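> One structure is given below, represented as structure tokens, and several questions about it will come after.
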Amino acid sequence: MNEPIEGPLALTPLSWAYADAWAAESAPVSAARARGVALGAPPISRGTAGLLRVLAATKSASAAVEIGTGSGVTGAAIVAGMDASGILTSIDMEAGYQAIARDMFAELGVSHTRVRLIAGRAEDVLPRLSDDAYDFVHIATGYASPEMIGEARRLLTDGGVLVVAGALESNRNIADAIREDEDFLPTMIPVGDGVLVAVRKREPQQGA
Numbered sequence: 135m136n137e138p139i140e141g142p143l144a145l146t147p148l149s150w151a152y153a154d155a156w157a158a159e160s161a162p163v164s165a166a167r168a169r170g171v172a173l174g175a176p177p178i179s180r181g182t183a184g185l186l187r188v189l190a191a192t193k194s195a196s197a198a199v200e201i202g203t204g205s206g207v208t209g210a211a212i213v214a215g216m217d218a219s220g221i222l223t224s225i226d227m228e229a230g231y232q233a234i235a236r237d238m239f240a241e242l243g244v245s246h247t248r249v250r251l252i253a254g255r256a257e258d259v260l261p262r263l264s265d266d267a268y269d270f271v272h273i274a275t276g277y278a279s280p281e282m283i284g285e286a287r288r289l290l291t292d293g294g295v296l297v298v299a300g301a302l303e304s305n306r307n308i309a310d311a312i313r314e315d316e317d318f319l320p321t322m323i324p325v326g327d328g329v330l331v332a333v334r335k336r337e338p339q340q341g342a
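In the numbering used here, each residue's number is its place in the sequence shown (first place is 1) plus 134.
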């Protein structure tokens, strides 16, 4: 295991807090965040939301899957970075959480045709989604498991982006497994409670 960095390169708690709260957030998203906290479903940090928005924009994502809708804060960040016609499929067992997310997307002016909110168990819903059809997959804290990583691998196109939340807390074992997975090119980003970002490696071209 690599030794932690000490000295002037180490991030101080104040610097970390500043960076994590630096990203701007709209009023509808802030309201959804507060409602999520009140219901016991604390959303991702503002810094994590900003990272997701940039990752989706860098990929020009056109088809994304979110495992764990929560109150919609994560989905709002992903949609904000996606292609203008991109579609997000968001799955959660709690229909009440998705009702908050639906209200938030309406306030943001996001067309209902761009966000598919599916209430159900991810284990039941994901097998119905097409192979190699999505360029962005986000797995929320509490949903990450070897089975969900396997589903993400199946869903992602070559070069697609996988994001796993909670990588510095409850999902360290998943992060370690992805680090050793030859199908992914991963990195760990210490924002929020830790974000693992991994790109599904492209299949080598015939004759290359």
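Backbone N, C-alpha and C fix where the C-beta goes; we use that ideal spot for every residue, glycine too.
Note that the structure is a prediction, hence the values are computed from the model and not measured.
#1: Under 8 Å, with one C-beta from each stretch per pair, do the segment 247-258 and the segment 167-187 reach the 3-pair mark?
#2: Do the segment 181-199 and the segment 207-216 touch if we need at least three Cβ pairs shorter than 8 Å?
#3: So, at 6 Å on beta carbons, what are the nonlocal neighbours of Arg-248 in its own chain, with the 5 sequence-adjacent residues on each side left out?
#4: Return the CA-CA distance between Ser-160 and Ser-245, expressed in angstroms with no decimal places.
#5: What first and last residue would you give for the alpha helix (DSSP H) that runs through Asp-310?
#6: Less than 8 Å between C-beta atoms, sequence neighbours within five positions excluded: which residues of the same chain meet that for Ala-166?
#7: For Leu-296, write down the residues that DSSP places opposite it in a beta bridge.
#8: If distances are taken between C-alpha atoms only, which option among Arg-336, Ser-194, Met-227 and Pro-261 comes closest to Ser-219?
Taking the definition as stated:
#1: no
#2: yes
#3: On the sequence shown, position 114 is the one that residue 248 refers to. For Arg-248, where only same-chain residues beyond five positions count, the Cβ hits under 6 Å are Ile-221.
#4: The residue labelled residue 160 in the question sits at position 26 within the sequence shown. The residue labelled residue 245 in the question sits at position 111 within the sequence shown. Those two C-alpha atoms are separated by around 17 Å.
#5: Start at 1 with the first residue of the sequence shown, and residue 310 comes out as number 176. 306-313 is the extent of the alpha helix (DSSP H) around Asp-310.
#6: Within the sequence shown, the letter at position 32 stands for residue 166. Same-chain partners within the cutoff: Pro-177, Ser-205, Gly-206, Val-207, Ala-210, Ile-234, Ala-235, Asp-237 and Met-238.
#7: Position 162 of the sequence shown, counted from the first residue, corresponds to residue 296. Leu-296 is bridged to Val-271 and Ala-332.
#8: Here residue 219 is taken as the residue at index 85 of the sequence shown, counted from 1. When only C-alpha atoms are compared, the closest one is Ser-194.
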